[in-house]
Amino acid sequence: MISFYPTVHTGHQPQGEFWNSRVDIPVEVFQRVDLIRSGLVQSGLGAPEAVNESTLNGIRPLVESVHSPDYLSYLETAYGRWVSAGGDPTGVMPFVFTGRKMDGKPESPLALPGYYAFDMGAWILPGTYAAAAASAQTSVHAAEQLCQGHEAAYALCRPPGHHAGVDFYGGYCYLNNAAIAAEYLRSPARGRRFERLAILDIDLHHGNGTQQIFYQRHEVLVVSLHIDPAIEYPFFAGYASEIGSGAGEGFNLNYPLPGGTSDEDYLSVLDKALEQIARYDPEGLVVSLGVDTFAGDPIGKLALTHSAYPRIGQEIAGLHRPTLFVQEGGYALQHLPDLVGSLLASFEQNAKSS
Ligand code: Q9C
Ligand code: ZN
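Its first residue numbered 302, the sequence shown is counted upward by one per residue in this note's numbering.
What follows is the structure, given as C-alpha cells:
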C-alpha cells in the first residue's frame, strides 16, 4: 500500500500533559513514527515515502476549508507571542478557559490558549506548527494517491488530528488531518473526485473535532466507535444522541463502547457501523486509524487483542471503497508496528482477493 510519513515532526515534543492533578509523562512521542514505519516494512506493505514540507504552502486554501484563518494564524504565532508576553518556555498551555461559562475573546497571548484549546494536554512548542503542517501535508499526499487511481493509501500522521475542530485544539491534535484529506478528496486539484464520503473513526477516543467540522453537513457521513465518553476522554462529546444538525441531521453516528470491550463485541459493533456506511453508499472512505483500542495501550480502556486488528482490516475491506487511512492515536510503543501493520496488510490482502 502506498504510504507517506512526515519528516519534520521531531520539533514537537511536549514534556508533559496535565491530567488528574499531575503532569503526566507524554505518550504521544516522536518515536511512534519510526516504529510504525518499521511495522509497515515488516508487514510487507513497503517503506513509506518521506514528506518534507513543514508549512502549509500549496494547501492553505484547502486547510482553510476546514480551519478558520484566525485559528491558523494563532497556531503559527502562539509560541512566540506567549514567550514575549512572559509565558513559560516549557510550552503554550491554557489555564483559564472560555466556553460555556464565558465567551469573551481576550488579546493577551497568555489567555489565548484558553480560547482555542479545550484541554491542558496539547502544549504548543516552537516546532509544533511546523509538525502539524507536515502532518497535514502527509494526509494530503496520501489523499492525492486515491485521486490518481490508487484503491488505498496510508498517511502516518503525527501529530494526530481528530480532536482538532474548526477553531480549537486539544488531545494532542492541532490540525484535523482526516478532515483536510476528506476535503481534498471531495475537490482534488486533479484526478478522480469523491463527493460523497464517509469518515470511519476507530481511534479509542471520540473524534470530537471531526464531528464538529462536519456536524451540519450531509455530504460527509461521520461514524465513530469509541470508549463511552461518560467514562473517558473527551467526556463532553461522543454520545449516541449526537446525530448531526440541520442538513447534517442523521449524518453523524456515534457508537460508544463500555470499558473492557472485547474483540468479539467490538467487531460486531464495527459490523453495524459498516452496514450504516454501506447504506450511505459513499464514493470513498477515510479511516481515522487509532490503535489505542489495544488492551495493552497505556491510556486505553478497551480490551482488544492483536488478533482483532487484521479482522478490522478485513471488515473495512469488505466495503469495497477507495480507502484512505490516516493515523490518529495508539501509544503501546512496542506493539505499534504490529497493530498498524497487520490491520493495513489484512485490508490490502482482502481488498485484492475479493
Ligand atoms: N494521562 C488521541 O488519541 N489524555 N488523543 C489521556 C493521559 C488525553 C488522546 C490521559 C487523551 C488524548 C489522538
Ligand atoms: Zn485516541
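Note that CB positions come from ideal geometry on N, CA and C, so glycine has one too.
Item                                                                                                                                                                   : Value
Straight-line CA distance for M394 to N353?                                                                                                                            : 27 Å
H506: beta carbon under 6 Å from a heavy atom of the ligand ZN?                                                                                                        : yes
For the beta strand (DSSP E) that contains I514, what are its first and last residues?                                                                                 : Looking at the DSSP string, I514 is not in any beta strand (DSSP E); the run it does join, the alpha helix (DSSP H), is 509-515.
Name the DSSP bridge partner or partners of E350?                                                                                                                      : F305
When you compare only the Cα positions, how much space is there between P623 and C458?                                                                                 : 19 Å
Rounded to whole angstroms, what's the CA-CA distance from L637 to A351? Just pull it up for me.                                                                       : 19 Å
Have a look at Y455 and A490 and give me their C-alpha separation to the nearest angstrom.                                                                             : 19 Å
Please classify S344: does DSSP put it in a helix, a strand, or coil?                                                                                                  : coil
What residues are listed by DSSP as bridge partners for D325?                                                                                                          : E318
Helix, strand or coil for F552? Go by DSSP, reduced to three states.                                                                                                   : coil
Going straight from the alpha carbon of G428 to that of Q316, what length do you get?                                                                                  : 13 Å
Using C-beta distances below 6 Å, list every residue in its chain close to T439, excluding the 5 sequence neighbours before and after it, in chain order.              : F305, P307, V352, A456, C458
Just list the residues that DSSP pairs C474 with in beta bridges.                                                                                                      : G471
Answer yes if the region 543-551 comes into contact with the region 608-622, meaning at least three C-beta pairs across the two stretches below 8 Å, and no otherwise. : no
Round the Cβ separation of S436 and N477 to the nearest angstrom and send it over; I've been treating them as touching at under 8 Å.                                   : Actually they are not in contact, since the Cβ atoms of S436 and N477 sit about 10 Å apart, beyond 8 Å.
Based on the DSSP output, what are the partners of V587 in its beta bridges?                                                                                           : I500, L625
Output the distance between the C-alpha atoms of Y516 and Q577, rounded to the nearest integer angstrom.                                                               : 17 Å
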